[in-house]
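Encoded structure:
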């Protein structure tokens, strides 16, 4: 058995903000992917994934017993496959903010859900919200609390525009300019980040009035403007807003930026060679970079690994 491929994702804009109803924009990233497979020999390198799927299957059984209106699965088939050596064969790095658990959730739903909503149907807003709700419950096994967006992106393999919690739609993003000098890139921090503790820090900070108003008046404002500019293809305005967003994050989200990158982050803002922002919850993994001149950014970041994900 070899299941279909499910891709990683990149949340270009909206990390943390979407918890507080900012806009968000998420795109599939085909460089990394994963598929369900069966390893009949039950080798060591598939054992960890197989053990994880056994725990996940038990969780899904409880989920469908508690909430059968939301989703049910062919649990017997899933358990039998797990017993036969089912594992998730994935190149998606874990703890890097590119949706490793999201792709796994999408693959399990695709293979084992009963009455599943398929990509080929007319995806009304209600169907998208229903899928998002199902995926949020499934993925909370991994993160404690999930928006359901990562699996949704992976399952549909389409860019998704988040207008608010109850308003999401597939988005058309401007097509890439192959020889464009501007780029969005991933910067490897060289360490993994844990989602749950980072979200916890954010939620604690949200109890302070000063932090709350900063999120509303600055963070969400610039995030929404970035989404608007990106979708319109207004590159000049986009870079102005990304710079502001990068500043706000450096000033207010320090725990989410790995310590060794604080100086590098500020250097980008000061020189305008590149602007960094969080990719996912931060704390490690990838950071997202925006530059109007990729050669200049490569030179400034020559000691680090860059992966270009989109060209302007």
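Residue numbers (full-length UniProt numbering): 1 to 312. Ideal Cβ positions, reconstructed from N, Cα and C, are used throughout, including at glycine.
Legend entry - Residue from 110, 160, 251, 195 whose Cα sits closest to the Cα of residue 140: 195
Inset, instruction - Leaving out five residues on either side along the sequence, give the residues of the same chain with a beta carbon under 8 angstroms from the beta carbon of residue 254. - result: 262
Legend entry - DSSP bridge partner residues for residue 89 (one or two, in chain order): 35
Legend entry - Cβ-based burial, residue 175 [other Cβ within 10 Å; buried from 16]: exposed
Legend entry - Distance, residue 65 Cα to residue 27 Cα: 33 angstroms
Inset, instruction - Throw me the rounded Cβ distance for the residue 286 and residue 189 pair, which I believe falls under 8 angstroms. - result: 7 angstroms
Legend entry - Rounded straight-line distance, which links the Cα of residue 221 to that of residue 169: 20 angstroms
Inset, instruction - Indicate the three-state DSSP secondary structure (helix, strand or coil) for residue 167 in the structure shown. - result: strand
Inset, instruction - Give the single residue among 82, 274, 46, 68 whose Cα lies nearest to the Cα of residue 181. - result: 274
Legend entry - Where the alpha helix (DSSP H) through residue 210 begins and ends: 209 to 214
Inset, instruction - Kindly identify the DSSP beta-bridge partner or partners of residue 27. - result: Beta-bridge analysis with DSSP links residue 27 to 10.
Inset, instruction - Specify the secondary structure class of residue 291 as computed by DSSP and reduced to three states. - result: Here residue 291 carries a strand assignment [DSSP, helix/strand/coil].
Inset, instruction - For the beta strand (DSSP E) holding residue 186, just list the boundary residues, first then last. - result: 183 to 188
Inset, instruction - Just mark residue 153 as buried or exposed, buried being the case when its beta carbon has 16 or more other beta carbons within 10 Å. - result: buried
Inset, instruction - Could you tell me the distance, in whole angstroms, from the CA atom of residue 46 to the CA atom of residue 38? - result: 9 angstroms
Inset, instruction - Grab the span of the beta strand (DSSP E) containing residue 306 for me, first residue to last. - result: 306 to 311
Inset, instruction - May I ask you to list the residues that DSSP assigns as paired with residue 2? - result: 37
Legend entry - Under 8 angstroms between C-beta atoms of residue 102 and residue 9: yes
Legend entry - Sub-8 angstroms separation of residue 173 and residue 231 beta-carbons: yes
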